[in-house]
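Remarks on the structure that follows.
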Amino acid sequence: MDIEALNAEHGIDGILRFTEGRGGLTMIEITNAQATALISPYAGQVLAYRPVDAADDLLFVSERAYFAEGKAIKGGIPICWPWFGPDPEAKGRPAHGFVRAWPWQVLATESLADGSTRVQLGIADDAETRAIWPQYFNLLVDIHVGATLSIALSTLNAGDRPFSITQGLHAYFKVGDASRVRVTGLDGRSYIDKAADGGDAVIHQEGQVAFDREVNRIYEDVPSVLTIVDPTLDRRIRIESEHSRTAVVWNPWVETAKAMDDLDDEDYRRFVCVETVNTASEVIEIQPAETYRLAARYAIEPL
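With our numbering applied, the sequence shown has no gaps in its numbers, which climb one by one up to 322 at the end.
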């Protein structure tokens, strides 16, 4: 990406600029009166967000994350699309789809009347995408950086036949100590335990979600608001979702973290993932000329 040209077309004086980041990847830096943020157009991915009154960033990014073309960046809010999890057709395609390691086009930037900043990125199908996933589409992500962070992922079926997707906003939230963190809002819900032998045990959640081992769960029929309670950082993270009735809660814990080259061995203590998704039984069919919108809003609140 030509940084000079991007700044000329989409930069906003004193608020938004394009810079060269790690691995030579282009980054969008935002500093407005309400918050700061870092966005990767390469991955359509928010990598950092901090309101002006917050002591810590909302998000975690691994110090060992790959910043290279063809590699997914471990942390922030990766976009999983057009499938969540393993390749549904077992063709050897990448887990969680291909757009989290794909260049997105910068479509628009804007300072809004409420003081927030809007960035819109997009991918349209071409011969290269259709060789991976043979569908005609327009995919847009709208990111609003203000007192809260909002992300909306919109899929337009640009073809002449229906197609189905699963998808997710795979958010890595920074925490002080995962073993002290609790997730509220899921009491009484059923989940698929992907960390269990066989990966398909269905279990009933009782009370708050805690982390004292590997957690890899798909919760179904979830409420629109979930909360991460973090006593170490003395804060709550409020997650409001739209058009999602499934959620994934993940922490790799000790052994799985050690097996990941792009995580430090101790990183499992530093994040939890609570993901706004459409997955498992929630497969989304999109008719020709129709659009489906998955969205989440994130807020940091004091305990």
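Note that the Cβ used here is the ideal one computed from N, Cα and C, for glycine as well.
Note that the coordinates shown come from a computational prediction; the quantities given were computed from them, not determined experimentally.
Secondary structure at V268: strand, using DSSP grouped into helix, strand and coil. I22 and R119 have their C-alpha atoms some 21 Å from each other.
Around A266, the same chain offers Y238, V241, L245, V293, E294, T295 and V296 as residues with beta carbons nearer than 7 Å, after the five sequence neighbours per side are excluded. As computed with DSSP, Y311 is found in a beta bridge with T174.
Shown here, I58 sits in a strand according to DSSP, grouped into three states. Here D240 is not bridged, per DSSP, to any residue. Taken in chain order, the unbroken stretches of beta strand (DSSP E) that lie wholly in the stretch 104 to 148 and span 3 residues or more are 124 to 130 and 136 to 143.
By the Cβ rule, the stretch 102 to 120 counts as touching the stretch 85 to 94, because three or more pairs are nearer than 8 Å. The DSSP-derived three-state label of N26 is helix.
Note on geometry: alpha-carbon atoms of V138 and V164 lie some 8 Å from one another. Note on T298: 16 or more other CB atoms within 10 angstroms of its CB, so buried under the neighbour-count rule. Distances from the alpha-carbon of S209 to those of S81, Q227 and I34 put Q227 closest. Taken through DSSP and simplified to helix, strand or coil, K277 comes out as helix. Per DSSP, the continuous beta strand (DSSP E) segment holding K193 begins and ends at Y191 to K193. Less than 7 Å separates the beta-carbon of G187 from that of C99. Ranked by Cα distance from T203, the options R41, E259 and A109 are led by E259. The three-state reading of DSSP puts I151 in helix, counting H, G and I together.
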